[in-house]
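If you read the sequences in order, they're chains A and B. For the first sequence, the residue numbers in my numbering are 1 to 204. For the second sequence, the residue numbers in my numbering are 205 to 815. All C-beta atoms, glycine included, are put in the ideal place defined by N, C-alpha and C.
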Amino acid sequence: MKEFNIVLAGVGGQGILLAAEILGTAALKEGLNVRVSEIHGMAQRGGAVISNVRIGEKVLAPTVLEGTADMLLGFEPLETLRNLKFASEKTLILMNNEAIAPPELTTKMMNYPSLDEITEKINLFTKNVVVMEAAKLAEKAGSILTRNTVLIGGLAATGKMPVQTESLKEAMRELVPEKYTERNMKAFELGYKYVKKKAKLGNF
Amino acid sequence: MLLLGNEAIARGVLEAGIGVVTTYPGTPASEIGDSISAIAAEAGLYMEYSTNEIVAVEVAAGTANCGVRALTAMKHVGLNVAADAVMTLAYIGVKGGYVIVTADDPECYSSQNRQDSRFYALLSNLPCLEPSNPQEAKDMAISAIEISENLELPVLLRLTTRVSHTRGPVTYGKLTKPNLKGEFVRDVKRMVMVPAHARPMHVRLLEKVKKAKEISETSAYNRVVRKVNGELGIISASSAYNYAVEAAELLGLEASILKLGMTHPLPEKMISEFLKNHERIIVVEELEPYLEMQVKAIAKDYAQNVKIYGKMGRLYFPREFEFSTRKVMVGLAEITGKKLPVDLERIDEEYAKIVKDLPSRPPILCAGCSHRASFYVIKKVTGEKAIYPTDIGCYALGIAPPLKVGDILICMGASVSTAQGISKVTGNEVIAVIGDSTFFHAAIPGLINAVYNNHKVTLIVLDNLTTAMTGSQPHPGTGMTGMRSPSERILIEKVAEGCGVKYVKVIDPFKVKEATAILKEALQQPGPSVIVFRSPCALMVAREKRRKGVEIVPYKITDECTNCMACIKLLGCPALIIKDEKVTIDDTSCIGCGLCISVCPYDAIECSGNG
């Protein structure tokens, strides 16, 4: 493996930084070199949040070069679009379909674009898109707050990650508060099964 | 371990046996202090969130001059606040090692300006180290202590957002038991900077800089990391170095790379050798051409024929915004004539089609934020006619529509003082807003000025009982210290009264009626008035409820709703959304603050639980 680049994008409060830390920790567990970039502070408050995870021996820069993401983990559809510049036709996109209306849309009384419109735009960059109902699955697991682990479960199921599923689970157990471990494990499994099923159907 | 750069510095504190850590929180430096605060009592060191950065430096200057190792952490603008102490502490020096950590924010992610703090090293004559990743951040924190003790001089450790907030692998070294026991040895000539003492101490400081230069020449942090036969050389430091290496690799550049980790004083001999060995030199650095200016000066003395490319004269790299592999790659390609390995033009073209109609998503006040209630009250009373100087904190987000409170913002504490100037010359109603932590940090001299010079301004302190923006650190009004032990709260209203303010009131801004009446009364006062709008931070409330297992009950819209949109138009709360062309409350983000009830003209909002 030369290097493996993951872009995580969504809205502040969706658990993006924790998800990135889990991915980075899992890589380190397997002795891989890794860089995880985060954004904190004012930029975070309900704003667009982006984090990058870069795995590989020669990796130094914490951020991904345009057009070189191997994976784009979209926590929110519009934020997935906003980060397409990191994608190419080789990128696999895993996108949560949970729409969070930006205030600009609300104040202008505009509707959130349809999933079809969004997918159409994504297809300009790549045809490899898996849409996940992460929020629904998270609630099934016990809390909407586990949507990040649903997505990580989905990521594991794609079979593209350079780290073992076990390492991802172990990293999650370490980083999630103990009283929430169970629901997060459940969320992981739900996400995993969801994407496995889609893979079998030949969706990507 | 996978650590943030900031966490790695906290680890460095433990390995270096630092006894005292002082800080004032500020993005991107906050996690240094926070990580120490979490373990200080257990680790046996002393930690405090000082009221501001100059106090933090002065406390640490006291301990370091008693031989106890110390570290102070702050964001770049914090160093401006601390500068008065830093400039003269450089003359006095230290006995125990002392590191001043400052973190620059080149992209302005969470700051009021972008500045290159390395110029403080030139200005103060203090040595400066610049890590490029978390491992180096830890190692350099320890080295900085050693250099500091060797020279008896504080050392600057300069970070940037992408060092502070990047996670990377960090190998741990041995812990050193912190020493907290110091001794003050009287030495008036060294430590009392009256003019007669300052003059010789300045000479001594310059001698120390010479010695520091020798350290820089032999420092393992300054070295040629890649050596190839060829005429092209790259000089880089800090986060820019990471992009430079990857970009050079992507372009297949045959270039030697000199990495600088100790960037003040620069290793003149080492750099001159590097210049002599190459025909063309590219300096890759974020923000200002700090290295480039000095490299060019060195070239004038040692290598007049070498061509130097960077960001002076013709700009190959931007001085604004943070760097990326892309920006560095484009600059390197332009200088060397290499072809880009990624078709950026095509990506930009396709991407432009996508972002054309993409609504922006700027940061906003959280659902349930008490500042929203405060701003609603303020706008209700004074609308567009008053002028609103604002300050540094979450409440700066109040400038966004529909609230639009915030007309001038400079730096910590400036709201209350700029208000006085505006009031003096316009005769307008002027309402300054400031946060609780910011009040303690920098508002008190301004408030005393308002009282003594009788400026007619109203200061509203938005007291949400925490330092919210930077991650809920305690401050003197919270009753908690950095050691996580209780302390007697200092009440803002008492401080205001003590400063001589005649009209001081405290009210919960969610009590809209009472708060409105108080603000109206305050504006009638002949002199300065202070209102403390006190209500805890919504994030803190939600966290506390979750911790205690108390259910968060969202509000809901009833059938009475006429879709008049008053709630959306007046409050701009992110929990109020449009779904199928109807106003709806998003129950995953609503925390049940109830503010929307008080603005609904049709009583069409109610609590969905029993309450």
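Residue 243 of chain B has its alpha-carbon roughly 14 Å from the corresponding atom of residue 221 of chain B. Residue 468 of chain B carries a strand assignment under DSSP once its states are collapsed to helix, strand and coil.
Residues of the region 16 to 48 of chain A with a C-beta less than 7 Å from any C-beta of chain B: 21, 24, 25, 28, 33, 34, 35, 36, 37, 38, 39, 40, 41, 42, 43, 44, 45, 46, 47 and 48, listed in chain order.
A direct Cα-to-Cα measurement between residue 480 of chain B and residue 471 of chain B gives close to 14 Å. At the C-beta level, residue 464 of chain B and residue 433 of chain B stay beyond 8 Å of one another.
Bounds of the alpha helix (DSSP H) holding residue 184 of chain A are 181 to 200.
Taking CB atoms only, residue 4 of chain A has no neighbour in chain B less than 8 Å away. Flagged as an interface residue toward chain A: residue 446 of chain B, by a C-beta distance shorter than 8 Å.
Per DSSP, the continuous beta strand (DSSP E) segment holding residue 252 of chain B begins and ends at 250 to 253. Listed in chain order, the non-local C-beta contacts of residue 79 of chain A below 7 Å within the same chain comprise 9, 10, 11 and 48, local neighbours out to five positions each way being set aside.
Separation of the CB atoms of residue 147 of chain A and residue 570 of chain B is rounded to 18 Å, and the pair is thereby denied contact status at 8 Å.
The beta carbons of residue 795 of chain B and residue 761 of chain B sit no closer together than 8 Å.
The beta strand (DSSP E) runs lying completely inside the region 221 to 269 of chain B and spanning 3 residues or more are 224 to 227 and 250 to 253, given in chain order.
Three or more Cβ pairs drawn from the region 277 to 294 of chain B and the region 221 to 239 of chain B lie within less than 8 Å of each other, which places the two stretches in contact. Less than 8 Å separates the beta-carbon of residue 778 of chain B from that of residue 568 of chain B. In the three-state DSSP reduction, residue 372 of chain B falls in the strand class (E or B). By the neighbour-count criterion, in which 16 or more other beta carbons inside 10 Å mark a residue as buried, residue 806 of chain B falls on the exposed side.
Judged by DSSP in its simplified three-state form, residue 460 of chain B adopts strand.
Non-local C-beta neighbours of residue 722 of chain B in its own chain, meaning closer than 8 Å and more than five positions away in sequence, comprise 709, 711 and 735, ordered along the chain. Taking 8 Å as the upper bound for CB-CB distance, residue 87 of chain A and residue 5 of chain A are not in contact here, some 10 Å apart. Scanning its chain for C-beta atoms nearer than 6 Å, with the 5 sequence neighbours on each side dropped, one finds around residue 623 of chain B the residues 593, 634, 636 and 661, in chain order. As summarised for the region 505 to 587 of chain B, the continuous alpha helix (DSSP H) elements at least 4 residues long and confined to that stretch are 529 to 540, 548 to 559 and 574 to 586, given in chain order. For a Cβ distance threshold of 8 Å, residue set 37, 62 and 63 of chain A lies close to residue 366 of chain B, ordered along the chain.
Neighbours of residue 121 of chain A in chain B, taken as residues whose beta carbon is under 7 Å from its own, are 558 in chain order. By the beta-carbon neighbour count (other beta carbons within 10 angstroms, threshold 16), residue 643 of chain B is buried.
The DSSP-derived three-state label of residue 327 of chain B is helix.
Closer than 7 Å at the C-beta level to chain B, one finds these residues of the region 91 to 118 of chain A: 101, 102, 103, 104, 105, 106, 107 and 109.
In the three-state DSSP reduction, residue 667 of chain B falls in the strand class (E or B). With distances taken between CA atoms, residue 136 of chain A lies nearest to A:194 out of A:155, A:108 and A:194. Beta-bridge partners of residue 700 of chain B (DSSP): none assigned. Legend: CB atoms of the region 525 to 538 of chain B lying less than 8 Å from CB atoms of chain A belong to residues 528, 529, 530 and 533.
Contact note: residue 792 of chain B reaches chain A through 144, using a C-beta cutoff of 7 Å and chain order.
If you draw a 10 Å sphere on the C-beta of residue 768 of chain B, you find fewer than 16 other C-beta atoms in it, and that means exposed.
For residue 135 of chain A, the three-state secondary structure derived from DSSP is helix. Note: residue 430 of chain B is bridge-paired with B:461 in the DSSP secondary-structure output. Under the Cβ criterion of 8 Å, residue 11 of chain A is counted among the residues facing chain B.
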